[in-house]
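2 protein chains.
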Amino acid sequence: MSDKPRLLSYTRQQLMGLPKQQRIMFLNSLSGFKAAWLLGSKSSTGISNLCVVNSVMHVGASPPLMGLLFRPKTSHHQTQPNIEETGVFTVNLIEASYLKEAHQTAATYGPETSEFTTCGFTEQYLEEFEAPFVQEARIKVGLKLEEMHKVKANGTTFLVASVQHVCFPAVAVGGNGSLNPTKIGGVASVGLTDYYTGIFHSREDYKED
Amino acid sequence: MSDKPRLLSYTRQQLMGLPKQQRIMFLNSLSGFKAAWLLGSKSSTGISNLCVVNSVMHVGASPPLMGLLFRPKTSHHQTQPNIEETGVFTVNLIEASYLKEAHQTAATYGPETSEFTTCGFTEQYLEEFEAPFVQEARIKVGLKLEEMHKVKANGTTFLVASVQHVCFPAVAVGGNGSLNPTKIGGVASVGLTDYYTGIFHSREDYKED
Numbered sequence: 182m183s184d185k186p187r188l189l190s191y192t193r194q195q196l197m198g199l200p201k202q203q204r205i206m207f208l209n210s211l212s213g214f215k216a217a218w219l220l221g222s223k224s225s226t227g228i229s230n231l232c233v234v235n236s237v238m239h240v241g242a243s244p245p246l247m248g249l250l251f252r253p254k255t256s257h258h259q260t261q262p263n264i265e266e267t268g269v270f271t272v273n274l275i276e277a278s279y280l281k282e283a284h285q286t287a288a289t290y291g292p293e294t295s296e297f298t299t300c301g302f303t304e305q306y307l308e309e310f311e312a313p314f315v316q317e318a319r320i321k322v323g324l325k326l327e328e329m330h331k332v333k334a335n336g337t338t339f340l341v342a343s344v345q346h347v348c349f350p351a352v353a354v355g356g357n358g359s360l361n362p363t364k365i366g367g368v369a370s371v372g373l374t375d376y377y378t379g380i381f382h383s384r385e386d387y388k389e390d
Numbered sequence: 182m183s184d185k186p187r188l189l190s191y192t193r194q195q196l197m198g199l200p201k202q203q204r205i206m207f208l209n210s211l212s213g214f215k216a217a218w219l220l221g222s223k224s225s226t227g228i229s230n231l232c233v234v235n236s237v238m239h240v241g242a243s244p245p246l247m248g249l250l251f252r253p254k255t256s257h258h259q260t261q262p263n264i265e266e267t268g269v270f271t272v273n274l275i276e277a278s279y280l281k282e283a284h285q286t287a288a289t290y291g292p293e294t295s296e297f298t299t300c301g302f303t304e305q306y307l308e309e310f311e312a313p314f315v316q317e318a319r320i321k322v323g324l325k326l327e328e329m330h331k332v333k334a335n336g337t338t339f340l341v342a343s344v345q346h347v348c349f350p351a352v353a354v355g356g357n358g359s360l361n362p363t364k365i366g367g368v369a370s371v372g373l374t375d376y377y378t379g380i381f382h383s384r385e386d387y388k389e390d
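Line by line, the protein sequences are chains A and B. Going left to right, the first sequence walks through residues 182 to 390 as the working numbering numbers them. Going left to right, the second sequence walks through residues 182 to 390 as the working numbering numbers them.
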């Protein structure tokens, strides 16, 4: 099936014994490819906020739901409070053409600073939806907060939101209704620093579930 | 920044009005690239089980935690009960070389049938860990159930598990400690049918968070 490269193995104890930075880089990357998004939100006082997230996941199609995870302590201090205050936010799929600007939103800025301005993105508002979309993005989703679940083990929050609006280019949807992120140069992140683009590999049979 | 293709837009009402199959394919693919894994588990009566999952996510590095989402009704009826009974399971990153066999585990088999046998994979047991790893996989994680959170909106379960064992080839770890799934042909799934491989795009600055 493949040549056999040298396989390494860590137990839990060995993982915990790694130097902190090495452990963080390794474990953040262990979950592999994840779509990279810009999350747009706005405070109750009207200051917009933008940050990179890579934990957006499908939760359900009926009703349409997405989920994402928030760290307990994050440099994006404004995002979670904004979502709790206003109940709405957007996720905008990052494209390779503006990845560097998008990744810059992960730097630390003060609560009075909008990363839209600092990092060169344009706020866009659609159909009276209060949260800002990213004009430059082509696949974007307007979401409404539905549930928050606190993870006891480390204080992260699993947030569930309902899909209120979706924008996408017609060219990105295939014949079977599935989006193809490579049509717009959508990127995937692995860990905290590395980004990948995709190549279509294959379409397999649909299995009911 | 790019040519402007035709942009489409759905409101929540329009999404809900789509034909069921189209809505399912669209919404399952909307969250974009997600690493594809084989989840290995075993019943309390000793029958092993294997199924494709694509909702594995990073939850934390200290302690090492991963999360994943289970649908309320799934063809993989055995997986969630197995995890609840035994408290342990494995996730094994799918490689392009055996993707077709891996995707076949998503078909419906009876509770007495092991997808290991049916789909041509080999059970592997490591250091007294009760759940089966996939011998053919090179990045694999042994996990212990820690928490289950029920999503009220649709009955899915967000499960949090602690990392007990990790196996990986030395060649897949870069200089900064991050795994590179392309080194072993790791695949990403989009939606229910489509698989992609990755191309390294860029390494951006590390931002503390």
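Virtual Cβ for every residue (Gly too), placed ideally from N, Cα, C.
When DSSP reads this structure, residue 370(B) sits in a beta bridge with 215(B), 376(B). The beta carbon of residue 329(B) sits closer than 6 Å to those of 338, 340, all from its chain and outside the five residues before and after it, given in chain order. Of all residues in the region 338 to 353 of chain A, the ones placed with a Cβ closer than 9 Å to any Cβ belonging to chain B are 339, 341, 343, 344, 345, 346, 347, 348, 349, 350, 351, 352, 353, in chain order. When 202(A), 362(A), 261(A), 278(A) are compared, the shortest CA-CA separation from residue 222(A) is found for 261(A). As a beta-bridge residue in DSSP terms, residue 305(A) pairs with 314(A).
Annotation for residue 194(B): the continuous alpha helix (DSSP H) segment containing it runs 193 to 197. Going by C-alpha positions, residue 288(A) is about 49 Å away from residue 298(B). Residue 274(A) reaches chain B at 213, counting residues in chain order whose Cβ is nearer than 7 Å. Secondary structure in the region 227 to 278 of chain A: the alpha helix (DSSP H) runs of 4 residues or longer, each lying completely within the stretch, are 260 to 267 in chain order.
Against chain A, a Cβ distance below 7 Å from residue 262(B) picks out nothing, because the smallest value is about 16 Å. Per DSSP, the unbroken alpha helix (DSSP H) holding residue 281(B) starts and ends at 280 to 284. Residue 364(A) sits in a helix when the DSSP states are folded into three classes.
Residue-level contact by beta carbon holds for residue 239(B) and chain A, with a gap shorter than 8 Å. Taking a beta-carbon distance threshold of 8 Å, residue 380(B) counts as an interface residue toward chain A.
At a Cβ-Cβ threshold of 8 Å, residue 302(B) and residue 379(A) do not count as neighbours.
Taking the C-beta atoms as reference points, residue 334(A) is found no nearer than 8 Å to residue 220(B).
Non-local beta-carbon contacts of residue 196(A) in its own chain, meaning distances under 7 Å to residues more than five positions away in sequence, involve 204 in chain order. With a cutoff of 8 Å on beta-carbon distance, residue 377(B) and residue 280(B) are scored as not near each other. By the neighbour-count criterion, in which a residue is buried when 16 or more other Cβ atoms sit within 10 angstroms of its Cβ, residue 306(A) is exposed.
In the structure shown, the three-state DSSP call for residue 187(A) is coil. In this structure residue 369(A) is buried. Its beta-carbon is surrounded by 16 or more other beta-carbon atoms within 10 angstroms.
Chain order gives no chain B residues near residue 258(A), where near means a beta carbon separation below 9 Å; the closest approach is about 10 Å. For residue 238(B), same chain residues with a beta-carbon under 8 Å away, outside a window of 5 residues either side, are 247, 248, 249 in chain order.
Straight through space, the alpha carbons of residue 358(A) and residue 243(A) are spaced by roughly 16 Å. DSSP places residue 338(A) inside the beta strand (DSSP E), whose first and last residues are 338 to 350. In this structure, residue 366(A) places its C-beta atom within 8 Å of the C-beta atom of residue 276(A). The Cβ atoms of residue 271(B) and residue 322(B) lie closer than 8 Å to each other.
In the DSSP assignment, residue 327(B) falls within the unbroken beta strand (DSSP E) covering 321 to 331. In this structure, the straight-line span from the alpha carbon of residue 384(A) to that of residue 374(B) is close to 5 Å.
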